[in-house]
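Here is the structure we will look at, set down as structure tokens.
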Amino acid sequence: MLRHRVLYSEKEIASRVLELADQLARDLPSARPLLIGLLTGSFVFLADLVRALARKQVEPRVDFMAVAHYGAATESTGAVQIHKGLAVNVAGEVVLLVDDILDSGFTLRAVKDFVQAQGPAWLRSCVLLDKPSRRAIDLQADYVGFQVPDVWIIGYGLDKGGEGRALPYIAAIEPETQE
Ligand code: IMP
Ligand code: MG
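Heads up, the sequence shown is in this note's numbering, so the first residue is 168 and it goes up one at a time.
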């Protein structure tokens, strides 16, 4: 396992997820919204969020998209490729995009544009983590779990080269193990 230190414990995450669900239950203009998770990192957060929402009488439907930046050249241009699109029609729907972490912002912007083009009735974004110091474009998430500094995060769905996703807490990679 990669050397890491805990930033947010299971307990802290659970209570923050409940707070987000509270806020969302008040804001969502439908008790049957569509939550779109961005694979792979968001799957743990999304799983907890939908159950927290269900306790608030909001029962989301769920779909997933998979997107990726392609190659070093796209780091600057922000070109994003969609590997897996939506199975459901979002036209006229109340949609919440759910991602693990907002970094440069390219991923969320591309997905937002893609979904917006299909005419949802309402579209907002919710990210577990926000790394504002890394932002390359002017974009904010509507709902944010925690702000984190510019360190590589693993745990609670987030990985580094496939490692660390199953950790039940949010942790920062220790500098010694960074390339
Ligand atoms: P963006 O397009 O730069 O905002 O990239 C966001 C995506 O990069 C996230 O959905 C994550 O999959 C990944 N990512 C960015 N920072 C981290 C991190 O610290 N740990 C794990 N994944 C990260
Ligand atoms: Mg991701």
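Quick reminder that beta carbons are idealized off the backbone N, C-alpha and C, glycines included.
Please classify residue i as buried or exposed, where buried requires at least 16 other C-beta atoms within 10 Å of its C-beta.
{"i": "I249", "result": "exposed"}
{"i": "I203", "result": "buried"}
{"i": "M168", "result": "exposed"}
{"i": "A188", "result": "buried"}
{"i": "I320", "result": "buried"}
{"i": "E260", "result": "buried"}
{"i": "K298", "result": "buried"}
{"i": "G329", "result": "exposed"}
Taking 8 Å as the cut-off, is the beta-carbon of residue i closer than that to any non-hydrogen atom of ligand 2?
{"i": "I249", "result": "no"}
{"i": "I304", "result": "no"}
{"i": "L206", "result": "yes"}
{"i": "D230", "result": "no"}
{"i": "I321", "result": "no"}
Following the continuous alpha helix (DSSP H) through residue i, name the residue where it begins and the one where it ends.
{"i": "S300", "result": "Segment: none, S300 is in no alpha helix (DSSP H) and carries neither H nor E."}
{"i": "Q314", "result": "Note, Q314: premise wrong, no alpha helix (DSSP H); beta strand (DSSP E) at 310–314."}
Give me the Cα-Cα distance between residue i and residue j, rounded to the nearest whole angstrom.
{"i": "D266", "j": "S197", "result": "20 Å"}
{"i": "L201", "j": "R276", "result": "18 Å"}
{"i": "S182", "j": "V225", "result": "18 Å"}
What is the DSSP secondary structure of residue i, counted as helix, strand or coil?
{"i": "A219", "result": "helix"}
{"i": "S326", "result": "First, the amino acid is wrong: residue 326 is Asp here, not Ser. Coil, per DSSP."}
{"i": "A284", "result": "coil"}
{"i": "Q400", "result": "Because the chain here runs from 168 to 346, residue 400 falls outside it and cannot be looked at."}
{"i": "T344", "result": "Bear in mind that a pLDDT of 45 at T344, under 50, signals an unreliable position, so the number given afterwards is only what the model happens to contain. Reduced to three states, the DSSP call for T344 is helix."}
{"i": "S408", "result": "With the chain represented from 168 up to 346, any question about residue 408 goes unanswered, as that position is not in the structure."}
{"i": "V211", "result": "helix"}
{"i": "V173", "result": "strand"}
{"i": "V255", "result": "coil"}
{"i": "V184", "result": "helix"}
For the beta strand (DSSP E) that contains residue i, what are its first and last residues?
{"i": "D266", "result": "261–269"}
{"i": "D349", "result": "Here the chain comprises residues numbered 168 to 346, so residue 349 is not present and cannot be evaluated."}
{"i": "G204", "result": "201–206"}
Nearer than 8 Å: is that true of the beta carbon of residue i relative to any heavy atom of ligand 1?
{"i": "L353", "result": "The structure shown does not extend to residue 353, since the chain spans only 168 to 346, so no value can be given for it."}
{"i": "D280", "result": "no"}
{"i": "F273", "result": "yes"}
Using 8 Å as the cut-off, classify the Cβ of residue i as near or not near the heavy atoms of ligand 4, replying yes or no.
{"i": "R199", "result": "Summarising the ligand content, the structure contains ligand 1 and ligand 2 and does not contain ligand 4."}
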